[in-house]
Structure formats: structure tokens, C-alpha cells
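Here's the structure, in C-alpha cells; my notes come after.
See the structure below:
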């Protein structure tokens, strides 16, 4: 036998190697798909809010004024949209939103601190407000 001939494959051996290569590729794809399905079940719908603030806005006020996407998948919640919705209230200076798996949203609010109270009179009606140290009115 020739040393060069020991390393060559005939047509049937090539077909067998190609068959096993395709079979292993299909099995690998199936493993990835099945593993992905298992991961999907791990992410549960959003059900719980853990709330913290440095001011006077309580959790009840927060939950009634902010449209929380309860029941939605935790990963599908757009945190930047929710953050912009919360920051529309002038008393809130900043907010931090954190996903805590499997089904919790952690909300931390930093409120503006009042420096002075003011009253605005328009058409014989009084409206009270506060002024923060940075000059913002809320």
C-alpha cells in the first residue's frame, strides 16, 4: 500500500462522512431550539413592583398615576418609555428602573426637595406650588 492512498476516501466514505456531518448539524440545531424554549418559560409576566423613594410620593400614588404594563413579559417592557412617562411629573427629578427576574420591576425615585412654597393667583383662584433649590417649580 502507498502512504498517499491510506489518507484518501472513496465516494461511499465521503457520502457517509457528509451524512454524519448533516445529522450532527441537525441535532445541534434541535438542541439550541429546545434550550431556547426552556429559557422562554423562565421569563414570567411582570407582576410585582418594588418601590423606593427619597420623598413623599408613595407606592399607591405611583401605581395609580403611572401606567404600569402589568401582565406583560418583563423583557418586553420598554424601560426608557416608562422612564419618560414617570419623569413627566415635575416633582420627580430622576428615576431608576431595574428588571429583577423572574417577574419584578424595581423602581427607585429621586424627588426634588422643596426650597420654598409659593402661591399663584389666577382669576381669583389660588394654586399652591413648590420651588426646588435648582429653581424648578412643582
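Residue numbers (our numbering): 10 to 147. The beta carbon of each residue, even a glycine, is placed where N, CA and C say it ideally should be.
If we ignore side chains and look at the alpha-carbon of each, how far apart do residue 83 and residue 89 end up? Within the chain shown, residue 83 is the residue found at index 74, counting from 1. Within the chain shown, residue 89 is the residue found at index 80, counting from 1. Each residue's Cα considered, the two are about 14 Å apart.
What's the gap between the Cα of residue 10 and the Cα of residue 34? As a working mapping, residue 10 is identified with position 1 in the chain shown. As a working mapping, residue 34 is identified with position 25 in the chain shown. Confidence at residue 10 is low in this model, with a pLDDT of 48, below 50, so its placement is unreliable and the value that follows should be read with caution. Approximately 35 Å between the Cα atoms of the pair.
Hey, is the stretch 132-147 in contact with the stretch 93-104, meaning 3+ C-beta pairs nearer than 8 Å? yes
Straight-line gap, residue 139 to residue 129 (C-alpha atoms, nearest Å): As a first step, residue 139 is located in the chain shown; it is residue number 130 there, counting from the start. As a first step, residue 129 is located in the chain shown; it is residue number 120 there, counting from the start. Looking at the two C-alpha atoms, the distance is approximately 11 Å.
Taking the Cβ atom as the reference point for each residue, do residue 61 and residue 116 lie within a distance shorter than 9 Å? The residue labelled residue 61 in the question sits at position 52 within the chain shown. The residue labelled residue 116 in the question sits at position 107 within the chain shown. Going by C-beta atoms, residue 61 is nearer than 9 Å to residue 116.
Select from 125, 53, 26 the residue whose C-alpha is nearest the C-alpha of residue 86. For the purposes of this step, residue 86 is taken as the residue at position 77 of the chain shown. Comparing Cα-Cα distances from residue 86 to each of 125, 53, 26, the minimum goes to 53.
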